[in-house]
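Accompanying notes for the structure given below.
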Amino acid sequence: VENENALFEQTILPHLDAAYNLARWLAGNETDARDVVQESCLRAFKSFSRFRGGDARSWLLTIVRNAAYTALRKRGAREQFLDSEILDSVADTGPSAEQILERAANIEAVRAAIAQLPADYREVIVLREMENFSYKEIADMVGLPIGTVMSRLARGRRALQEFLVGGAAK
Amino acid sequence: MNCDEALRLIDGYHDGELDSMHSVEIERHLAACDNCAARLNKLRVLREAVEQTAFSAPRDLRASVLASLHTPPVENAKPRLGLTIGLALAAALVLGFFLAQVFPGNSSEKTLLAALTDSHIRSLVGTQAIPAPPIRAVRASPRRPTRPGPQLLNARDGPECARFP
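The listed protein sequences derive, respectively, from chains A and B. According to the working numbering, the residues represented by the first sequence are 1 to 170, in order. According to the working numbering, the residues represented by the second sequence are 171 to 335, in order.
Okay, structure coming up:
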């Protein structure tokens, strides 16, 4: 049992930052994110005997993701949707790189823009841009085909640059 | 490769997810097309902007996670539940005691109940007046009481008597 505890601490707890980051972006505030992480670590600990090698970070984050969505449902959070204009446009008509760069200096402004994304777009942005997972890894965690992950990312990025430079959602 | 194709693949290229054949094709296009090259540049700027907004776990989170692992709430739940039930029972007892003090009418109700039980048992046993068994004994034991005149008290009557009060 001692060994099992030590192994859990060695393999799972180094990913606490990643776990908290995803929980924070999905749950929307610090208090709920902490609860989600606590709950997820407990679940991970209980089912740790079923963890057979593989990537501990994506294993933990899959649990965090489920716990976060459960918490959101309990809270009665409403689903958001992206503007169909953003979804349909393939052409790049958004703001310039200079405009994005200018806004990027303000971390809170960037955070506010990311928070405007619907959760299913926000999570792929977080997993790709902050946590550096591959499309395949994201697809496995989110339970979607790789092609869907790629198009969500592309649309999410387009929406994000609009929110970032345009300010409020359309 | 034209711009439409390039823009459809450019996120994949930016993420390092294209196979080598498509990578070579898109690179050739990017070298010749300022618009698509600008798009790639924007994706890079956007990544840098987003990357820096990642949250790190609050300093005490690790400690509180570890603490919760070593005292799982499942084990804590039972004694807490027991304590709640105990407190509720104690409160009910105290309340019952006060009610008995304040409304002495309750005790006459009790004797009425006892009298009714007595007469019911007497009617089952026969006309003979017998000392009624205490209500609690009737309630608690489904077995027949060891009393005179037991012919009518077969096993079926036990529970029915018990249900009466």
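All C-beta atoms in this analysis are idealised placements derived from N, C-alpha and C, irrespective of residue type, glycine included.
Collapsed DSSP secondary structure at A/R24 in the structure displayed: helix
CB contact check: B/R217 to chain A, cutoff 9 Å: Chain A, which has a Cβ nearer than 9 Å to the Cβ of B/R217, makes this yes.
Unbroken stretches of the alpha helix (DSSP H), 4 residues or longer, contained in the stretch 103-127 of chain A: 107-116 and 119-125
Top-ranked residue by Cα proximity to A/L16, from A/R57, A/F48 and A/E4: Just measuring C-alpha positions, the residue of A/R57, A/F48 and A/E4 sitting nearest A/L16 is A/R57.
Residue span of the alpha helix (DSSP H) that contains B/S234, given as start and end: L231 to H240
Nearest-angstrom Cα separation, counted from A/P145 out to B/D176: The sequence shown places Ala at residue 176 of chain B, rather than the Asp named in the question. Near 21 Å, if we compare the C-alpha coordinates of A/P145 and B/A176.
Chain-ordered chain B contacts of A/F48 [CB-CB under 9 Å]: What A/F48 touches in chain B: nothing, since even the nearest Cβ is about 10 Å away.
Contacts of A/V36 in chain B (Cβ-Cβ under 7 Å): Those do not exist, as A/V36 stays about 11 Å from chain B at its closest Cβ, beyond 7 Å.
Whole-Å CB distance - A/Y135 paired with B/D185, under 8 Å assumed: 7 Å
Which of helix, strand or coil DSSP assigns to A/F81: coil
Contacts around A/A23, its chain only, beta-carbon distance under 6 Å, and the 5 residues preceding and following it disregarded: A33, V36, V37, V64 and A68
Where B/Q222 falls: helix, strand or coil (DSSP): Under the three-state reduction of DSSP output, B/Q222 falls in the coil class, being neither helix nor strand.
Interface residues of the stretch 200-231 of chain B facing chain A [CB-CB below 9 Å]: N205, C206, A208, R209, N211, K212, L213, R214, V215, L216, R217, E218, A219, V220, E221, Q222, T223, A224, F225, S226, A227, P228 and L231
Reduced DSSP secondary structure (H/G/I, E/B, other) of A/D140: helix
Span of the alpha helix (DSSP H), counted from its first residue to its last, around A/F45: E30 to K46
Near-chain B residues of the stretch 98-130 of chain A (beta-carbon distance less than 7 Å), N- to C-terminal order: I100, L101, A104, I107, V110, R111, I114, I125, R128, E129 and M130
Environment of B/R198 [buried if 16+ CB atoms lie within 10 Å]: exposed
Cβ-based burial, A/F45 [other Cβ within 10 Å; buried from 16]: Classification of A/F45: buried, given that the 10 Å Cβ count is 16 or more.
Close Cβ partners of B/V215 (< 6 Å) along its chain, the five nearest in sequence each way excluded: none
Test: B/R198 CB closer than 9 Å to a CB of chain A: no
Neighbour-count burial assignment, B/T254, 16 or more Cβ in a 10 Å radius: exposed
For A/A105 and A/R52, the rounded distance between their alpha carbons: 42 Å
Any C-beta of chain B under 9 Å from that of A/R24: So, interface residue.
7 Å Cβ shell around B/A207 - same chain, five flanking residues per side excluded: L200
Contacts that B/E187 makes with chain A (C-beta to C-beta distance below 9 Å): Per Cβ cutoff of 9 Å: S134, Y135, K136, I146 and M150.
Proximity winner among A/M130, A/S96 and A/Q80, relative to A/A119 (alpha-carbon distances): A/Q80
Neighbour list for A/N21 in chain B, Cβ cutoff strictly below 9 Å: A224, F225, S226 and A227
Proximity below 9 Å, CB of A/A112 to CB of A/F163: Yes.
Neighbour-count burial assignment, B/S226, 16 or more Cβ in a 10 Å radius: By the C-beta density criterion, B/S226 is exposed, having fewer than 16 other C-beta atoms within 10 angstroms.
CB contact below 9 Å: B/V235 versus chain C: The question asks about chain C, but that chain is absent: this structure's protein chains are A and B.
Under 9 Å between C-beta atoms of A/G76 and A/Q161: no
CB-CB length for A/A159 against A/L117, believed under 8 Å: 6 Å
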